Each structure stands twice: as structure tokens, then as C-alpha cells.
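Everything on this sheet refers to the single structure shown next.
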Amino acid sequence: MAEVAYVKASRIFSGNPPVRAVDELSLDVSDGEFLVLVGPSGSGKSTALRMLAGLEDVDEGAIKIGGKDVTNVPPKGRDIAMVFQSYALYPHMTVAENMGFALKLRGVNKAEIKEKVAEAAKMLDLTKYLERKPKALSGGQRQRVAMGRAIVREPSVFLMDEPLSNLDAKLRVETRANIAALQQRLGTTTIYVTHDQVEAMTMGHRVAVLKDGLLQQCDTPRALYDKPANAFVAGFMGSPAMNLKTVPLTSEGAKLDGIVVPLERHAMDTASAEGLNEVTFGIRPESLALVGSQHHGMEMTVELVEELGADALVHGAVRIGASSERFVVRVDGRTPPTLGQTVKVAVRDATEIHLFHPESGFRLTN
Amino acid sequence: MTVEAASLKAVPATRPQRKRSERSKAASIALHAALVIASLIAVFPVFWVLVTSFKPDARAVETTPTLFNESSVDNYVRILSGDKGDFLAWFGNSVLIALMTTVIAVFLSATTGYAASRFRFPGKRSLMLSFLVVQMFPFAVLIVPLYNILLALGLQGTSFGLVLVYCTTAVPFCTYMLKGYFDTIPTDIDEAGRVDGLSPFGVFWRLVMPLARPGLAVTAFYAFLTAWGEVAFASAFLSAADESKTLAVGLQVFVQQNRTEWGHLAAASILVAVPAIAVFYLVQRFLVTGLSSGAVKG
Ligand SMILES: Nc1ncnc2c1ncn2[C@@H]1O[C@H](COP(=O)(O)OP(=O)(O)OP(=O)(O)O)[C@@H](O)[C@H]1O
Ligand SMILES: [Mg+2]
């Protein structure tokens, strides 16, 4: 068990122009923490993880595990275990051999290896398959073997690179919960890479959002959802995504179709200090509500209704200035509006509005 | 499961369809006939050598060939007893040289192929290109320069010198083959091994080599054959003493200027073929496909 730190660590791939796959990443992960690295494809998540594993060079900065600088230590000296996206099981070894391989290399005696493998196999429900070769296993079973191989070693840090992306939706939800519970029980520092923001929200103690190799924000899932540091994080976290629109600013607030949404004092002050006459206005689908025609609200023409059971997502067009913008509203699943209908939409609570700088994307609201 | 059962039932059996794997009778006969004829063409020469090997030299070539004509194992007995030159010594030389070539060539080409497959290093492209280019020189052109090199190394006339010469032809080709094979093994496996505590050489030795067994088998067989049947280099680089000849060189005693001992030559050929067959038999057990399947999700 150990804490992990990235100290302005960069990985630069040569090329024309050179790619800064991970750009001055600074991140502290405390002992026993479950940190999720999330971001769109190509944002440098895998590279960051591989740098920690020692599989990728660190071109600038340093990496520390347990307070010790391991920047130039080969993978075998770092006491980490990694679960690969492809699982990377050893095809010529049985499940038991796969799981015990690292211990065997360390010179642990046979009886002890057997005991530890059996224990991990029981935990992962793999006891029946110990003598099989990986090719005779299903995808989900292979995933568990890959997990088992990591657990058996009792490393100080677990690294997982999208370990669930090859599983079907149901198994993924199940395994997601299992991994989180397992980490809780073992208390091993874990860095988990995913591009799935639901996984990020549900599994991590903290979530670090990456984009183009740059760390956007690292905070608890709740804080990330409630107070995204910039427009990118706001749009990335949450499903369906937050409605983000650039709207004109007046002295009373933000001007949407027909209505002026009053904004909080602090945001207005910051905006005027910056001399902005437009802001990026963000509101989550659940912070919008359908209201009766007598109320104030934006007129929205319903273009699509997605019924999810408990609730429904209403996609519709709202006129903002000269253009027509698409909004998504989460409504009660039992009484959704019909296609083509015009409904009135209002903001539920002014405190749920997020404002961002229209160019830099930085958060203006408190 | 229930869904599958239902959907199966829902498909109406409108007309009896012929399964794709079923052939019409005529096509089947034609196909088998073609295969039988092709096999006969391939097997007959070998078969005839076998038949001839039991006949005395005088009966080996006849105007009306027969299967048996004064057939006996005399040819074999005389060859093995050393009547016709030191056959057993040639045999030993050939086995030694071929095995040494196999071991050295496979080891060198496996390490080189692995490096070429996994590492980036300056000159990698030109190295692989030069491997390809050296294949293009005819043997005859190489004999003199190689002779000079062996002379300079003091290896002229020794078996080891000949082994090195064979490696120069076997290694480039085998490296190419093995690089191609290593490329099919996911690099994730290497990385998993590194994280599990293997050194880079450990990854090569304990993970990649076992997984490359089919590729190694083919390479080993190729290297063996390169050395086993080769005549030109062997006659140029080995000393002229009878007991240091290889089989391929030694067999020439049966072919003299005005007389060919067909019966003996055939018997010797059969004896020469046996080790090659044995090596192939050993090696083909490893020629299984899909050794590395199961490593990744699939
Ligand atoms: N060997 C390489 N050479 C050059 N560029 C590379 C190399 N490996 C990765 N990159 C680049 O680095 C960036 C980050 O890649 P990385 O694999 O870390 O993305 P990721 O966040 O894991 O994406 P995904 O979710 O698709 O797995 C990408 O733009 C990629 O093109
Ligand atoms: Mg990745």
C-alpha cells in the first residue's frame, strides 16, 4: 500500500509536430484511494497509467510511489499490478499458473502460491476453472482471471486500463460493483482508467478528468458534477450531457428565448469585470422542468422523446437569438409530451445554473 | 436460450436446402480423383527410389521395369558396413553439422527477430533490408569470399566453419520468418510479463519463446534442411579426407564418370532421408495453430 504522485510528469511522442500525450500532469493519490482517470479517446489516460507502470518513458517531471521517486525504475521494481484492457493473459499457462506467475518469479514456495491462488480464485468465483487455459474461458471469466492475477500479488498499487470495456452491459454493471467492493475490502491504492463517465462517477473516490493530455479537474464525483471547473468537464460528466449554450448577457441576467434568467451576483460581477457580453450557459437536463403555459419559460418544440422507464428525456429546439438550439429536459416518465408539441420549459432553481467563460471555458459561477 | 429456441422454430422449412458442406456425387468423385493423381505424382519418385534401393546395380535400370528383381538388402548392408566409403562417419558429420546449424541459427534468428519485432533502434530498417538482399546472391558467388573469411578465421576445413557458413544463409531467412511470427504475439503479453516481474530477456525466454513454438518449429526445420542437403559449400569448405565428408558430398562416390551405382545410390538416399523425416516428425507436433489465442478478449 502506498500513495502515488505525478509531479509535472509529461510524455512526449516524437513526431511532427510532437504529441504531448500527457502534459505536465500533477496529481496526488493518497494511500488506499480509488482514483479514476477519465477523458475522451486519445486524451492520454492510458499513457498516464503506463507511465506509472513503467511501460512508458517519463520525458519530463517525476513519478513517485510510496514517496520514492520511481521515474527510472523498471516495472518489476515498482510493486504494481496492472489489469490490461485486453487482459493479456498468458495463453500457454493455466488459470492457476497465470495467477501465480508473479509469485513464482518472486521465489515464493509452491504451497504458499497454491494457497494464495486458491484464495483469490474463491473470491472471484474461479475455483472451477483453475486448470483451464485462457482460451477455454468466456470474456467475463478472462476478465476475472486478469483481476485475480493482480490481486494474488498483493501489490502496493493496482492499475486498471478499461478492464470492463470488453464486457456486455449487464456484466459490466455487475463487475463494476465487484471491483469497487473488492478495492474497498483490500484497501489497495487503485488507479482506474475509463472513458465511461458512469464508471467514473460510480467507482471513484475521486475522478481526474483529462483532455488532450491536460488535467482538467480532479475532485470527488459529486463535486465534479455540481461544480465542474470548466465547460469541458461540465459537458463530459453526466449523461445525458449538460445543455451548454452561448447566450447574450444583459444587466439582469442571461437572455434565453423570451426569458431572462437571473444570475447570481458573483457570476455577474466576474463577467462584467471581464467585459463579456456573452456567456456559456450550462444547465443539466434534470434542472429544467416543463411548466404550464401561464408560467414564464422558453418555448420548445419537441423533436425526440427518449423513454427510459422511470423518466424520459425530451429533446427539443429552442430559439436563441437567430439560431435554433437543441435542449434536453429530463421529465417524469409517465407523462412525457408528444412529438411536435410545443412546451414551456423553465429553470427549476437558479442555483443549478453553471456559467462559463465563452472562450476559455472557465467557470464563472461560484 | 429461450429466444434462440423460439427463433429457430419460427424459421419455416420451406424447401430442403443442401448444406453448404455437401457436394454432389460427381464433384466429389472428380475432386478425389484429382487429389489421388496429384498424390501419386508426388509419391511415385520416392517410391521408385525405395524400390530401386533393394535391387543390385545391374538390375536398377531395366528396359521393362519390375517391382522386384533379385531384390535384397545387400545395398544397405554394404553401405552401412563401410564398403563404399565411410558412410557412418559422413552420417555423423552431417547430423552434427545440421544440428549445430539448427541450434545456432534458431537461437540467433529468434533473438534478432524478437529485437526487430519489439524494439526500435537505429538501423533497424536497413538491417532487415540487408537480410533480404543477402538472400539474392547465388551460392557460387559466395564461395570464394567465404573461403577467404574462413581461412582468415582459421576455420577452413572444420565442421564449425561450415556451420557458420550455413548460418549465413539460414539466419537472415529465419529472422524474417520469426519476426513475422513474433509480430502476431500481442505486445500486451510482454508488458504484462514486465509488470509481473520479468526482465526483458525473461519476457523473451519465458513468454514469447513458448508462444512462438510453431514458428520456431518451422524455422528449425528449415535450418536443418539448409545444412542437411547442401553440397556446394560442403565440398568446398570441408577437408578432402573421406572421414570428414558430409553425406551429400559422400554420395558422389556412387556417381562416377562412366558408371552410376544406382542401387547403392538409392539405398544411401533412403538412409539420408530418414533423419530429415525424423526431424520433421518431431517438429510437426508443434505446428499447431492458435497457441496465443485466449490471451486477449476474443
Ligand atoms: N506510440 C505512440 N506514438 C505516438 N503517439 C502516440 C503513441 N501512443 C499514443 N500516442 C498518442 O497519445 C495520445 C494519448 O493516447 P492514449 O492511448 O493515452 O489515449 P487514451 O486516453 O488511452 O485513449 P483511449 O480511450 O482511446 O484508450 C493520443 O493522441 C495518441 O495518438
Ligand atoms: Mg487507452
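So the sequence lines, in the order shown, correspond to chains Y and Z.
For the first sequence, the numbering used here assigns the number 34 to the initial residue and increments by one for each residue that follows.
For the second sequence, the numbering used here assigns the number 809 to the initial residue and increments by one for each residue that follows.
Glycine included, each C-beta is placed from N, C-alpha and C at the ideal position.
The structure displayed is predicted, hence computed values, not measured ones.
key: First through last residue of the beta strand (DSSP E) which encompasses E339(Y)   = Along the first sequence, read from residue 1 onward, the residue named residue 339(Y) stands at position 306. It spans M331 to E340 - the beta strand (DSSP E) in which E339(Y) sits, taken as one unbroken run.
key: Closer than 8 angstroms at the beta carbon, the chain Z residues around I212(Y)   = Taking the first sequence and counting its residues from 1, the one referred to as residue 212(Y) is at position 179. Chain Z residues near I212(Y): none, gap ~17 angstroms exceeds 8 angstroms.
key: Residues that DSSP places opposite K244(Y) in a beta bridge   = To locate residue 244(Y), count along the first sequence from 1; it is residue 211. Beta-bridge pairing links K244(Y) to L247(Y).
inquiry  = Any heavy atom of ligand 2 closer than 7 angstroms to the beta-carbon of D11(Y)?
reply    = The structure shown does not extend to residue 11(Y), since chain Y spans only 34 to 399, so no value can be given for it.
key: Run of the beta strand (DSSP E) containing L321(Y), from where it starts to where it stops   = Residue mapping note: residue 321(Y) aligns to position 288 of the first sequence, counting from 1. Taken as a continuous stretch (DSSP letters only), the beta strand (DSSP E) holding L321(Y) covers L321 to V324.
One or two residues paired with Q1064(Z) in a DSSP bridge = In the second sequence, counting from the first residue as 1, residue 1064(Z) sits at position 256. Per DSSP, R1067(Z).
message = Please list, in chain order, the chain Z residues whose beta carbon lies closer than 8 angstroms to that of R139(Y).
response = By one-based count along the first sequence, residue 139(Y) stands at place 106. Correct list: G1005.
ask   = Who are the neighbours of E870(Z) on chain Y, taking C-beta pairs under 7 angstroms?
value = As a working mapping, residue 870(Z) is identified with position 62 in the second sequence. Chain Y residues near E870(Z): none, gap ~55 angstroms exceeds 7 angstroms.
key: A274(Y) beta carbon less than 8 angstroms from that of F314(Y)   = Within the first sequence, numbered from 1, the residue matching residue 314(Y) stands at position 281. Within the first sequence, numbered from 1, the residue matching residue 274(Y) stands at position 241. In this structure, A274(Y) does not lie closer than 8 angstroms to F314(Y) by Cβ.
message = Tell me the residue span of the beta strand (DSSP E) that contains Y39(Y).
response = Along the first sequence, one-based indexing puts residue 39(Y) at 6. From DSSP, the beta strand (DSSP E) with Y39(Y) extends over V37 to F46.
ask   = Pick out every residue whose C-beta is nearer than 5 angstroms to a heavy atom of ligand 1: which are they, in chain order?
value = F46(Y), V52(Y), A54(Y), S74(Y), G75(Y), S76(Y), G77(Y), K78(Y), S79(Y), T80(Y) and H228(Y)
task = Could you list which residues in chain Y have their beta carbon closer than 7 angstroms to that of P994(Z), in chain order?
result = For this step, residue 994(Z) is matched to residue 186 along the second sequence. S119 and A121, listed in chain order.
key: Residues near N901(Z) in its chain [Cβ-Cβ closer than 7 angstroms; skip 5 each side]   = Counting from one through the second sequence, the residue named residue 901(Z) turns up at place 93. Taken in chain order, the residues that qualify are S967, S1052, K1053 and T1054.
ask   = Going along chain Z in order, which residues have a C-beta closer than 9 angstroms to the C-beta of A86(Y)?
value = Working through the first sequence from its first residue, we reach residue 86(Y) at position 53. Under the 9 angstroms cutoff, chain Z gives E999, R1002 and V1003.
task = Please state whether DSSP places L192(Y) in a helix, a strand or coil.
result = As a position in the first sequence, residue 192(Y) is number 159, starting the count at 1. Looking at L192(Y) - three-state DSSP - the assignment turns out to be strand.
key: Range covered by the beta strand (DSSP E) that runs through Q318(Y)   = Counted from its first residue, the first sequence places residue 318(Y) at position 285. Sequence check: residue 318(Y) is Pro here, not Gln. P318(Y) -> no beta strand (DSSP E), and no H or E assigned at all.
key: Burial state of G110(Y) (16 or more Cβ within 10 Å)   = Translated into positions along the first sequence, residue 110(Y) becomes position 77. When all chains shown are included, G110(Y) counts as exposed.
inquiry  = Alpha carbons only, please: which of F1088(Z), L959(Z), G1023(Z) and F1041(Z) is nearest the one belonging to G921(Z)?
reply    = Sequence index remark: in the second sequence, residue 921(Z) carries index 113 (1-based). Of the listed residues, the one whose Cα sits closest to G921(Z) is G1023(Z).
query = Exposed or buried, D56(Y), counting other C-beta atoms within 10 Å across all chains shown (16 or more means buried)?
reply = Counting from one through the first sequence, the residue named residue 56(Y) turns up at place 23. With 16 or more Cβ atoms within 10 Å of its Cβ, D56(Y) is classed as buried.
ask   = Tell me which same chain residues have a C-beta within less than 6 angstroms of the C-beta of S1077(Z), skipping the five on either side of it?
value = The sequence position of residue 1077(Z) within the second sequence is 269, counting from 1. Cβ neighbours of S1077(Z) beyond the five flanking positions: V857.
ask   = If we ignore side chains and look at the alpha-carbon of each, how far apart do R53(Y) and A42(Y) end up?
value = Your numbering for residue 53(Y) matches position 20 in the first sequence. Your numbering for residue 42(Y) matches position 9 in the first sequence. Distance between the alpha carbons of R53(Y) and A42(Y): 11 angstroms.
query = Is it a yes or a no for the region 1066-1081 of chain Z touching the region 911-925 of chain Z, going by three-plus beta-carbon pairs under 8 angstroms?
reply = no
request  = Determine the chain Z residues that contact F134(Y) at a beta-carbon separation under 7 angstroms, and present them in chain order.
outcome  = Locating residue 134(Y) in the first sequence gives position 101, where the first residue counts as 1. By Cβ distance, chain Z contributes D1004.
inquiry  = For chain Y, check one thing: does any of its Cβ atoms lie closer than 8 angstroms to the Cβ of V811(Z)?
reply    = Here residue 811(Z) is taken as the residue at index 3 of the second sequence, counted from 1. Residue confidence for V811(Z) is low, a pLDDT of 43 falling below 50, so the modelled location carries little weight; the figure read from the coordinates is stated next. Cβ-Cβ to chain Y under 8 angstroms: no for V811(Z).
query = Are the CB atoms of L192(Y) and L68(Y) nearer to each other than 8 angstroms?
reply = The residue given as residue 192(Y) occupies position 159 in the first sequence. The residue given as residue 68(Y) occupies position 35 in the first sequence. Cβ distance not < 8 angstroms, so L192(Y) and L68(Y) don't count as in contact.
query = Are the CB atoms of H238(Y) and S74(Y) nearer to each other than 8 angstroms?
reply = On the first sequence, residue 238(Y) is found 205 positions in, with the first residue counted as 1. On the first sequence, residue 74(Y) is found 41 positions in, with the first residue counted as 1. The answer is no: Cβ separation not under 8 angstroms.
task = Taking L138(Y) and D1004(Z) to be in contact with their CB atoms under 8 angstroms, please state how far apart those CB atoms are, rounded to whole angstroms.
result = The count along the first sequence starts at 1 and reaches residue 138(Y) at position 105. The count along the second sequence starts at 1 and reaches residue 1004(Z) at position 196. About 6 angstroms separates the two Cβ atoms, so the contact holds.
task = Check the DSSP bridge columns for D344(Y) and list the partner residues they point to.
result = In the first sequence, residue 344(Y) corresponds to position 311, counting from 1. Paired residue(s): D365(Y).
request  = Determine the contact status of G72(Y) and L277(Y), defining contact as a CB-CB distance below 8 angstroms.
outcome  = Along the first sequence, read from residue 1 onward, the residue named residue 72(Y) stands at position 39. Along the first sequence, read from residue 1 onward, the residue named residue 277(Y) stands at position 244. No, they are not a contact pair.
ask   = So which residues of chain Y does L1046(Z) contact, with C-beta pairs closer than 8 angstroms?
value = Position 238 of the second sequence holds residue 1046(Z). Ordered by position in chain Y, no residue passes the 8 angstroms Cβ test against L1046(Z), which lies about 41 angstroms from the chain.
message = Within the continuous alpha helix (DSSP H) that includes Y225(Y), where are the two ends?
response = For the purposes of this step, residue 225(Y) is taken as residue 192 along the first sequence, with counting starting at 1. From DSSP, Y225(Y) is part of no alpha helix (DSSP H) but of the beta strand (DSSP E) over T222 to T227.
task = Could you list which residues in chain Z have their beta carbon closer than 7 angstroms to that of A114(Y), in chain order?
result = In the first sequence, residue 114(Y) corresponds to position 81, counting from 1. Those are V1003, listed as they occur along chain Z.
request  = Could you name the residues of the same chain whose beta carbon sits closer than 6 angstroms to that of L357(Y), not counting the 5 residues immediately before and after it, in chain order?
outcome  = Reading the first sequence from its first residue, position 324 is the one you call residue 357(Y). Correcting the residue type first, residue 357(Y) is Ser in the shown sequence and not Leu. If we look at S357(Y) and ignore the five residues flanking it on each side, its Cβ neighbours are A350.
query = Out of curiosity, what's the CA-to-CA distance linking L1059(Z) and F947(Z)?
reply = The count along the second sequence starts at 1 and reaches residue 1059(Z) at position 251. The count along the second sequence starts at 1 and reaches residue 947(Z) at position 139. Going from the Cα of L1059(Z) to the Cα of F947(Z) covers about 20 angstroms.
key: Chain-ordered neighbours of L1015(Z) on chain Y, where CB pairs are closer than 7 angstroms   = Against the second sequence, residue 1015(Z) aligns to sequence position 207. Correct list: Y123.
inquiry  = Strictly below 7 angstroms CB to CB, what residues from chain Z border P108(Y)?
reply    = The residue given as residue 108(Y) occupies position 75 in the first sequence. Correct list: R1002 and V1003.
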